[in-house]
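Residue numbers (my numbering): 88 to 347.
What follows is a short report on a single structure.
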Ligand code: 13P
């Protein structure tokens, strides 16, 4: 199956409207649109609307970094997926920063995934274990619980479209991550796909896109993208550096090209 490689730039709480516009213009000049690579930008909520008018939609898709699971109501300070409908193609859900700093539970993530799908937004569901969980040998159990709860309310057709991002918390730069070894990650990505296979069968498991994220930069991106079960990358810090991000996209393209 020839899936598009997905490169997602999670800008986190960085770059105001003017800075975002500048970065996207610089990226636009350097990045050529490729049929088999999809580039998704996840800026701050405030930036989504102006950026959607600014970007070349042939080259870039947009993602929210979060949203609320109710469609409307008295939820002061929140933005719903229904408000993002038509504005973003993707929504990052359950990022470890949200689980840790904002105490999002498994059930919160589940409800947000359902809300995204209800509003025609593809969820990028982030899952990943902490360092203590890893050291205690609980990685697979944690991933199983996070994944099965998140997709609990979805039909098999809905599951086929979702994106799962494996981001081990111990490898994320924000949490002083230690570098992961790409070769160690294949086992985990394969386990995630096997969970989908057990629940929804071989075809859907093969269709689904699984990303890796955690301090990936332009130096090691090829090693991750070469893993059998890695369909793309969720990039944090390196996506704020325009040269590094362009290099990441170019390397993803060269890998696709070399396989043809
Ligand atoms: P870093 O690439 O900065 O480690 O961030 C990864 C991440 O959290 C992307 O969502």
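No residue lacks a Cβ here, since even glycine has one placed at the ideal position from N, Cα and C.
As the structure is a prediction and not an experimental result, all values here were calculated from the model.
Practice task
Look at the Cβ atom of residue 236, then the Cβ atom of residue 193, and state whether they are nearer than 7 Å.
Solution key: Along the chain shown, one-based indexing puts residue 236 at 149. Along the chain shown, one-based indexing puts residue 193 at 106. Yes; because the gap between Cβ atoms is below 7 Å, this pair is in contact.
Handout entry: Start-end ranges of the alpha helix (DSSP H) lying completely within the stretch 227-279, minimum 4 residues
Key = 243-248
Exercise for the section: Would you decide whether residue 188 is buried or exposed? Buried here means 16 or more other CB atoms lie within 10 Å of its CB. Expected result: Against the chain shown, residue 188 aligns to sequence position 101. Label assigned to residue 188: exposed.
Exercise for the section: For residue 150, write down the residues that DSSP places opposite it in a beta bridge. Expected result: In the chain shown, the residue the question calls residue 150 occupies position 63. For residue 150, which the question treats as bridged, DSSP gives the partners 177.
Problem - Rounded distance between the beta-carbons of residue 179 and residue 129, thought under 8 Å - result: Here residue 129 corresponds to residue number 42 of the chain shown, with the count starting at 1. Here residue 179 corresponds to residue number 92 of the chain shown, with the count starting at 1. Right, their Cβ atoms sit about 6 Å apart.
Practice task
Anything with a beta carbon under 5 Å from a heavy atom of the ligand 13P counts; list them all in chain order.
Solution key: 97, 259, 260, 300, 302, 321, 323, 324
Problem - Expected contact under 8 Å - CB spacing of residue 216 and residue 229 to nearest Å - result: The residue labelled residue 216 in the question sits at position 129 within the chain shown. The residue labelled residue 229 in the question sits at position 142 within the chain shown. Contact holds; Cβ gap of about 4 Å.
Exercise for the section: Would you identify the three-state DSSP class for residue 335, choosing helix, strand or coil? Expected result: Counting from one through the chain shown, the residue named residue 335 turns up at place 248. DSSP places residue 335 in helix when its eight states are reduced to three.
Problem - Between the CA atoms of residue 305 and residue 191 - distance to the nearest angstrom - result: Counting from one through the chain shown, the residue named residue 191 turns up at place 104. Counting from one through the chain shown, the residue named residue 305 turns up at place 218. Taking the straight line from one Cα to the other gives about 31 Å.
Practice task
Measure how close the beta-carbons of residue 316 and residue 269 come, nearest whole angstrom, since I'm counting them as under 8 Å.
Solution key: Numbered from its first residue, the chain shown carries residue 316 at position 229. Numbered from its first residue, the chain shown carries residue 269 at position 182. Not quite, the Cβ-Cβ distance comes to about 12 Å (not below 8 Å), so this is no contact.
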